[in-house]
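Respectively, the protein sequence lines represent chains A and B.
Letter 112 of the first sequence, counting from 1, is numbered 112 in the numbering used here, and no numbers are missing.
Letter 87 of the second sequence, counting from 1, is numbered 87 in the numbering used here, and no numbers are missing.
Glycine residues also receive a C-beta, built at the ideal position from the N, C-alpha and C atoms.
Everything below concerns the one structure shown next.
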Amino acid sequence: MEKQSGAAGSAIFVGWDSRQYNYYTPKGRKATLYEDVTVDVQPDPERYLIQDWIISFANGAPAYNKALTAIKSSNWHEYRAPDEEHERNHFARQSEIEETIKIITTSARAQGAARNYETGWVKILQDHVGALKHPEHGLGGILLVAQRDGMTQMINNSILTNSSYKLRFAQDLLLYLAEVSLDLDGALDEGAGKDHWLNDPIWQGARRAIETIGGASDHLEQYFAINVVYEALVTELFRSGFVMQCGAMHGDFVTPAIVATGEGDYERNLANAIEMFHIFAHDPTYGAHNQAVMQGWLVTYVPLCVAAARQLQPIWSQTQVKRVKFVDAYERAKHRISNTLAQIDVALPKEAQL
Amino acid sequence: MAATTLSKITKQKKISNAEASRRIGDLGWTPTYVQALVKYPTDYVLNKIPKDPMRQVLRSYFPMQDEKDNRVFGALDAGLRGDMFRNVEPRWIEWMKLFLAIIPFPEISAARSMAMLSHVVPGDNLQTGFATQMIDELRHSTIQMNLKKWYMENYVDPTGFDITEMAFGKCYATTIGRQFAEGFITGDAITAANIYLTVVAETAYTNTLFVAMPSEAARNGDYALPTVFLSVQSDESRHIGNGHAILMSILDNPDNHLLLERDLRYAFWQNHAIVDAAIGTFVEYGTKNRDKGKESYAELWHRWIYNDYYRSYMLPLEKYGIKIHHDDVEAAWDRIVKKDYVHYTAQFFSAGWPVNFWRIDGMTEADFEWFEAKYPGWYAKFGAYWENYRDLSLPNNPPSLWVDTGYVYPHRCWSCMVPCLIREDFVVDTVDGELYTYCSDLCRWTHKYAFAAEYEGRPTPAMGRFSGKRQWETIYHGWDLADCIKDLGFVRSDGKTLIPQPHLHMDDSKMWKLEHVRGFELRSPLLDLRAMTPEAREKHIAEYKKGFTIKRI
Numbered sequence: 001m002e003k004q005s006g007a008a009g010s011a012i013f014v015g016w017d018s019r020q021y022n023y024y025t026p027k028g029r030k031a032t033l034y035e036d037v038t039v040d041v042q043p044d045p046e047r048y049l050i051q052d053w054i055i056s057f058a059n060g061a062p063a064y065n066k067a068l069t070a071i072k073s074s075n076w077h078e079y080r081a082p083d084e085e086h087e088r089n090h091f092a093r094q095s096e097i098e099e100t101i102k103i104i105t106t107s108a109r110a111q112g113a114a115r116n117y118e119t120g121w122v123k124i125l126q127d128h129v130g131a132l133k134h135p136e137h138g139l140g141g142i143l144l145v146a147q148r149d150g151m152t153q154m155i156n157n158s159i160l161t162n163s164s165y166k167l168r169f170a171q172d173l174l175l176y177l178a179e180v181s182l183d184l185d186g187a188l189d190e191g192a193g194k195d196h197w198l199n200d201p202i203w204q205g206a207r208r209a210i211e212t213i214g215g216a217s218d219h220l221e222q223y224f225a226i227n228v229v230y231e232a233l234v235t236e237l238f239r240s241g242f243v244m245q246c247g248a249m250h251g252d253f254v255t256p257a258i259v260a261t262g263e264g265d266y267e268r269n270l271a272n273a274i275e276m277f278h279i280f281a282h283d284p285t286y287g288a289h290n291q292a293v294m295q296g297w298l299v300t301y302v303p304l305c306v307a308a309a310r311q312l313q314p315i316w317s318q319t320q321v322k323r324v325k326f327v328d329a330y331e332r333a334k335h336r337i338s339n340t341l342a343q344i345d346v347a348l349p350k351e352a353q354l
Numbered sequence: 001m002a003a004t005t006l007s008k009i010t011k012q013k014k015i016s017n018a019e020a021s022r023r024i025g026d027l028g029w030t031p032t033y034v035q036a037l038v039k040y041p042t043d044y045v046l047n048k049i050p051k052d053p054m055r056q057v058l059r060s061y062f063p064m065q066d067e068k069d070n071r072v073f074g075a076l077d078a079g080l081r082g083d084m085f086r087n088v089e090p091r092w093i094e095w096m097k098l099f100l101a102i103i104p105f106p107e108i109s110a111a112r113s114m115a116m117l118s119h120v121v122p123g124d125n126l127q128t129g130f131a132t133q134m135i136d137e138l139r140h141s142t143i144q145m146n147l148k149k150w151y152m153e154n155y156v157d158p159t160g161f162d163i164t165e166m167a168f169g170k171c172y173a174t175t176i177g178r179q180f181a182e183g184f185i186t187g188d189a190i191t192a193a194n195i196y197l198t199v200v201a202e203t204a205y206t207n208t209l210f211v212a213m214p215s216e217a218a219r220n221g222d223y224a225l226p227t228v229f230l231s232v233q234s235d236e237s238r239h240i241g242n243g244h245a246i247l248m249s250i251l252d253n254p255d256n257h258l259l260l261e262r263d264l265r266y267a268f269w270q271n272h273a274i275v276d277a278a279i280g281t282f283v284e285y286g287t288k289n290r291d292k293g294k295e296s297y298a299e300l301w302h303r304w305i306y307n308d309y310y311r312s313y314m315l316p317l318e319k320y321g322i323k324i325h326h327d328d329v330e331a332a333w334d335r336i337v338k339k340d341y342v343h344y345t346a347q348f349f350s351a352g353w354p355v356n357f358w359r360i361d362g363m364t365e366a367d368f369e370w371f372e373a374k375y376p377g378w379y380a381k382f383g384a385y386w387e388n389y390r391d392l393s394l395p396n397n398p399p400s401l402w403v404d405t406g407y408v409y410p411h412r413c414w415s416c417m418v419p420c421l422i423r424e425d426f427v428v429d430t431v432d433g434e435l436y437t438y439c440s441d442l443c444r445w446t447h448k449y450a451f452a453a454e455y456e457g458r459p460t461p462a463m464g465r466f467s468g469k470r471q472w473e474t475i476y477h478g479w480d481l482a483d484c485i486k487d488l489g490f491v492r493s494d495g496k497t498l499i500p501q502p503h504l505h506m507d508d509s510k511m512w513k514l515e516h517v518r519g520f521e522l523r524s525p526l527l528d529l530r531a532m533t534p535e536a537r538e539k540h541i542a543e544y545k546k547g548f549t550i551k552r553i
């Protein structure tokens, strides 16, 4: 018998041209690569897992458990990440960011850029940008745990990439500040940032809020609290509303460029979160329930994060050039969160005023 | 005078990777306002903070991974340009329908399991290790899904690949892979995510999975699988480092030793039972290459598992006062070499071909000769079976399982989910008043004593439990074979022709249809056993343990 070629089209028979994954419905007209490598990889007894989960926890809870979140869904599989991240584009983007930072910092260091930073600004970098790296890392850690529990691969992978972005950004800040310290012969105290994060009253509201999020047991509550509330009112407020606005006027063109990568990450993570919670808010069966759940989360986290934001206000007074005002930054943060909630279609409860 | 290099001109003061890693380990803090919940508890007590032996930093990790990806995807393109599929062996690619249906879920489960470790492992030094492993596992899962898509787009018979994740949830063979993967994400966090996943599956068995098997792929003209899986394997050293660091922390507290001994036994035996069954079959029965100079699966096992893992990794643990069950390793070796574990597994998969979602090629004279050379006595035990299989491969016959060849469909092991193939080792026991079947006494021990609320008098409240409809056969007990296949969705686009075929003929006239498999009843051996009187059951067990003899038809 002549050896059968293994090439497509070398024989014509029933099924020879079935060359697409056919067990799920693509969101658009055609399946995307993201969908092909993501959808249904985490199985579901309500789809194809006919034997159900075959190992349980001691209390009988299955490997993936709807009871781990207050959100309910009539179709957990509807969500697709707007950023369509899977390993290849995730690595490409993360790598590109690292390469960009490397070019910026190498070039800046070659010019002795740090020596031109205004002295008071160096202290701000030391105390407050140094403090910022800790909540960024903390958010990454919370998300690393949260990515375990979602009911689909799409949900969990969005939380996973969010974790990856936060952890990378925290490390980028740390390594950047270490290099500034080297270039300033130790004039920037690298340990001060953690001390401020742990002890400075300015940061205690931010720490209380993040520890409250970390103490929640509901992974979607954590994902919501981080992206919809905490990032908008605390970390983005500081990154975008302070560091990126003030750096250049204090001789620092480097820090804003590095912080901009974190802002770019947040835009993607927020887009994913908005899409996910929009779907939950409009679930044909559980939409009203989910809106009430999200409002409950807003009641918990908005006051904490508003307090955290207001406690950060003195930082705006520590700069030599006082052209950027906290009130303007806070207005933008308020606008951000209002806009996000409008897109999700959840009203801000009166107990959670900004 | 030597030329000055660019890097010398542009050299700047840097902090070393080790120093960067140390500082990154200080990014975390102990919460004081609100304590984080431990969602996934462990019965182990870890006091010593493990150190990250790999000193991982994301700044260097991402560019390295991106480069690895570029090489993998470039190689896939080169495979197509080189017309790889014209020369690939269909016998091999068919088995990839099963393998690649299974493996992405264990991979992503490993990502999820990092969440469990992150909460129970003290200190922050390994946090980047958990993060990189989590991201690595996302990589593995999606790059494998992409490889499968690539096969589907370019291989002569794409059916089976096209239903892959649906098939993973439904097939009687993939349940074995689900047992493997669910073990990473359920129950005691350290048992699951450290001992079972990292200390045993990754440290020992990724060598057979991701190194030995790709070598066989290359021998069958498939250069894509080695490209992808050797790239995957290059990430494993990081994971092994994570696992070993935690293991050292576990060992530091003598109160953990009893649990560690339990988990090493359970994890080693389950990995052996599951991975050797599957990978042994792919390597020995999925190949067309019968070079007698190459290593058999038994020889590969001796190299990777016995020498590389048992002698170099497990044995040194004895100096910490841990009892290593040498007899388990010997028993696994005996099952492979003396008790024909892999050969019985291949026989089982081929006997069950109508409920597969891939084709299984019959063995030829060239195969017989190789098996006899590598496993003396093989032909006397298995020759007639494979001759019958070949003779019954066209649809003018009943499916081979329903022909009186002497083959007895096996009981399924409640623990590892592989059938009870070594008949003389078959055992039954009662747990919580219900009768169960096991492939071996160690699998019985795993279910009855390891996955329980206490172990040797010590409460183990975090340990998992076996659950669900564990035995696939119970779902289709009493069903007509044709209805079962339809229900599974293992039918081609014409609604009649089966996806599985017991041959490689790419010819409609030789392909089995639903009409050829109607009128044959599926039975669950377990349900039948439970329904027997005690006397009948005892007799049945004695008969089962005697084994069977294949008659030539």
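CB-CB length for residue i against residue j, believed under 8 Å
i        : j        : result
A/Leu233 : A/Val306 : 6 Å
B/Leu498 : B/Trp479 : Not a contact, Cβ separation roughly 16 Å.
B/Thr174 : B/Ala101 : 6 Å
B/Arg219 : A/Gly6   : B/Arg219 to A/Gly6, Cβ: 14 Å. No contact.
B/Ile475 : B/Pro354 : Going by Cβ atoms, the distance from B/Ile475 to B/Pro354 rounds to 15 Å, so no, they are not a contact pair.
B/Arg465 : A/Ala58  : 6 Å
Spatially closest choice to residue i from the options, by CA coordinates
i        : options                                   : result
B/Glu94  : B/Cys439, B/Asn356 and B/Thr142           : B/Asn356
A/Leu144 : A/Gly191, A/Pro201, A/Tyr223 and A/Asp185 : A/Tyr223
B/Pro410 : B/Gly123, B/Glu369, B/Ile360 and B/Lys545 : B/Lys545
A/Tyr21  : B/Gly383, B/Val156 and B/Thr164           : B/Thr164
B/Tyr385 : B/Ala351, B/Pro376 and B/Gly25            : B/Ala351
B/Phe130 : A/Gln111, A/Leu160, A/Gln153 and A/Arg115 : A/Leu160
B/Val34  : A/Leu298, A/Ala216 and A/His250           : A/Ala216
B/Pro399 : B/Pro502, B/Lys338, B/Ile336 and B/Asn307 : B/Pro502
B/Pro190 : B/Pro534, B/Glu473, B/Ile360 and B/Ala110 : In the sequence under discussion, the amino acid at residue 190 of chain B is Ile, which differs from the Pro named in the question. The residue with the shortest Cα to Cα distance from B/Ile190 is B/Ala110.
Listed by chain order, chain B residues near residue i by CB distance under 7 Å
i       : result
A/Ala63 : Glu182, Ile185 and Thr186
Interface residues of chain A facing residue i [CB-CB closer than 7 Å]
i        : result
B/Ser493 : Val14, Gly15 and Ser18
B/Ile24  : Gln171 and Leu174
B/Ser7   : Chain A residues near B/Ser7: none, gap ~11 Å exceeds 7 Å.
Distance, residue j Cα to residue i Cα
i        : j        : result
A/Tyr23  : A/Ala31  : 11 Å
B/Cys420 : B/His447 : 15 Å
A/His137 : A/Lys166 : 6 Å
B/Thr430 : B/Thr437 : 9 Å
B/Gly221 : B/Glu284 : 16 Å
B/Asp603 : B/Arg265 : This structure cannot settle anything about residue 603 of chain B, because the visible part of chain B is limited to 1 through 553.
A/Val229 : B/Tyr205 : 44 Å
B/Ile279 : B/Gln270 : 14 Å
A/Glu85  : B/Ile422 : 46 Å
A/Glu96  : A/Arg29  : 30 Å
Residues that residue i contacts on chain D, provided the C-beta gap is smaller than 9 Å
i       : result
B/Trp95 : Of the chains in the structure shown, none is chain D; the protein chains are A and B.
Partner residues on chain A for residue i, Cβ-Cβ distance less than 9 Å
i        : result
B/Trp402 : None at all; the shortest Cβ gap to chain A is about 23 Å.
B/Gln501 : Those do not exist, as B/Gln501 stays about 10 Å from chain A at its closest Cβ, beyond 9 Å.
B/Thr497 : Phe13, Val14 and Gly15
beta-carbon residue i near the ligand SAM non-hydrogen atom, thresh 8 Å
i        : result
B/Arg492 : Looking for the ligand SAM in the displayed structure turns up nothing, as the structure carries no ligands at all.
Closer than 8 Å at the beta carbon, the chain A residues around residue i
i        : result
B/Ser467 : Asp52, Trp53, Ile54, Ile55, Ser56, Gly60 and Pro62
B/Asn194 : Correct list: empty, because the minimum Cβ distance to chain A is about 15 Å.
B/Gln179 : Ile54 and Ile55
Opening and closing residue of the alpha helix (DSSP H) in which residue i lies
i        : result
B/Tyr438 : From DSSP, B/Tyr438 is part of no alpha helix (DSSP H) but of the beta strand (DSSP E) over Glu434 to Tyr438.
B/Val342 : Tyr341 to Ala351
A/Asp183 : Gln153 to Asp183
Partners in chain B for residue i, counting only beta-carbon separations shorter than 8 Å
i        : result
A/Thr212 : Tyr33 and Val34
For residue i, the first and last residue of its enclosing beta strand (DSSP E)
i        : result
B/Asp429 : Val427 to Val431
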